[in-house]
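Residue numbers (full-length UniProt numbering): 1 to 493.
This is the structure:
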């Protein structure tokens, strides 16, 4: 290959978005962020929404910058985002209102409503998805019970990356991995569970067929091609759920490997050939989300670095400005045994005064609340590492095999303190990186669709040679065991 193949990955997270330019020379992949932009929700009289038009404008700017890099063409573009959120469009293709943010309060109580109508066991058996109020199923149920006129006006439901692909090309397609996060897709058929939705009174006329990752949607729309300068680019649907893309870039292989996709959320799990929908899986509330090649990501959502993000924002509102690096440094310097809590306490789900909520959670269990900024962040990171161990131990029981290595990918892999705590408390070797896993996985799928990689089986070797991970060996000893024992005692888990 005389000239590297260039492709652009658009990766939207809950806090920011970026356009990443990848170049593949046939053996190694390099990535460079060409544009980063904030992703701040809008609180309107109707609730908490995503500013999708603003994000789309930022994506176009990122593609313009990508087209100017190096002077060689961008061959393809693909978009990945978070899961569960969706847009509705009418029969003309027009967007019906701004999509809601999954942290909007409208879904409060909807899990109980669905369970009363259908039953918790049946919902899990049919969908295999973890019960969380943010899920699309409960968003649609809230709209149905509220008589939202948008449901009847809608001609098509598009997950967030589906909508952005439509705006880029004029072609609509609903990708499978993101659709599986909705709790509206059957694990038996891989298609929408219309019977389940019908029993909850949710309309299904706007649900289309699903397409696999790697689907080529065709070229950019002429106006987009002209505006961005990416005239030769095709739009390739990656694994559009960001975690599915991140897991595609995990450099480890084998049945003893687990992963933590670490960012705003921490997704702790394994790759499996079939979903786990047993009673044991329901008891620990795991989720079975779609992956590449029809695989499943058997995992559990843990609240993740959202907690630190909200601590930072609360401090900033009070006039104290800290970078994430500074917060981590203070956490590393904090002395004494940290107060501990369950990161998945429902009180932490919504935006707000996270330091006050953490203090309250600690006091409820008879602990002294953290008194310093460093102490609060250390309590958070240690509690996260403890929850990771709890999930990994439960997955071992569920799958009947030992998980000896944990690959931490995503932005959280840069947090050396969290990686070291995870190794110590879980008693497992932690491999950190790549930090850009989501964009890398997105790019690998594009390169496969373009014919420059054979299959997902090629991905780990490319990732290892391109982005060597850093190892953290466990060394916490009895102190780490005592911390975990104390965490289980205060959380009741």
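By construction, the Cβ of each residue, glycine as well, lies at the ideal position given by its N, Cα and C atoms.
DSSP lists 175 as the beta-bridge partner residues of residue 211.
In terms of Cα proximity to residue 331, the closest of 107, 21, 378, 160 is 378. Exclusion of the five residues before and after residue 118 leaves 196, 199, 200 as the residues of its chain whose Cβ lies within less than 7 angstroms of its Cβ. With contact defined as three or more Cβ pairs closer than 8 angstroms, the stretch 317–334 and the stretch 364–377 are in contact.
In the structure shown, residue 296 falls within a strand segment according to DSSP collapsed to helix, strand and coil.
Taking 8 angstroms as the upper bound for CB-CB distance, residue 98 and residue 50 are in contact here, some 7 angstroms apart.
In the three-state reduction of the DSSP assignment, residue 379 falls in the helix class. Between the stretch 33–42 and the stretch 7–18, the count of Cβ pairs shorter than 8 angstroms is three or higher; the stretches touch. Nearest in C-alpha terms to residue 91, of all of 135, 387, 74, 152, is 152. Between residue 11 and residue 438, the C-beta gap is smaller than 8 angstroms, which places the two residues in contact.
The criterion of a C-beta distance shorter than 8 angstroms is satisfied by residue 344 and residue 302. Residue 306 sits in a helix when the DSSP states are folded into three classes.
In this structure the stretch 394–402 does not lie against the stretch 322–330, because fewer than three pairs of beta carbons, one per stretch, are closer than 8 angstroms.
Selection 307, 275, 221, 240 evaluated against residue 262 yields 307 as nearest (Cα-Cα). The beta-carbon distance between residue 163 and residue 87, rounded to whole angstroms, is 4 angstroms. This is short enough to meet the 8 angstroms contact definition.
Under the three-state reduction of DSSP output, residue 455 falls in the coil class, being neither helix nor strand. Counting the other CB atoms within 10 Å of its CB gives residue 165 a total of 16 or more, which places it among the buried residues. Residue 289 is bridged by DSSP to 297.
For the set 426, 43, 175, the Cα lying nearest the Cα of residue 104 is the one of 43. Take residue 102, set aside five residues on each side of it, and the residues of its chain with a beta-carbon closer than 7 angstroms to its own are 84, 85, 134, in chain order. For residue 431, the uninterrupted beta strand (DSSP E) run begins and ends at 429–432, by DSSP. Beta-bridge annotation (DSSP): residue 236 is paired with 216.
Within the stretch 47–114, the complete beta strand (DSSP E) segments at least 3 residues long are 47–49, 76–80, 86–89, listed from N- to C-terminus. Burial state of residue 274 is exposed, judged by a 10 Å Cβ sphere holding fewer than 16 other Cβ atoms. Bounds of the beta strand (DSSP E) holding residue 472 are 470–472. Nearest to residue 176 by alpha-carbon distance, out of 251, 294, 65, 364, is 294.
Along the length of the stretch 385–455, whole beta strand (DSSP E) runs at least 3 residues long occupy 405–409, 429–432, reported in chain order. The C-alpha of residue 179 is placed about 14 angstroms away from the C-alpha of residue 139.
With a cutoff of 8 angstroms on beta-carbon distance, residue 259 and residue 277 are scored as not near each other. Assigned with DSSP and collapsed to three states, residue 38 falls in strand. Residue 213 is not a Cβ neighbour of residue 249, given a cutoff of 8 angstroms. Residue 342 sits buried, since 16 or more C-beta atoms from the chains shown fall within 10 Å of its C-beta.
In the DSSP assignment, the residues bridged to residue 33 are 20. By alpha-carbon distance to residue 230, the top candidate from 7, 477, 149 is 7. For the set 356, 282, 290, the Cα lying nearest the Cα of residue 315 is the one of 356. Residue 123: not part of any beta strand (DSSP E); member of the alpha helix (DSSP H) spanning 120–127, first to last residue.
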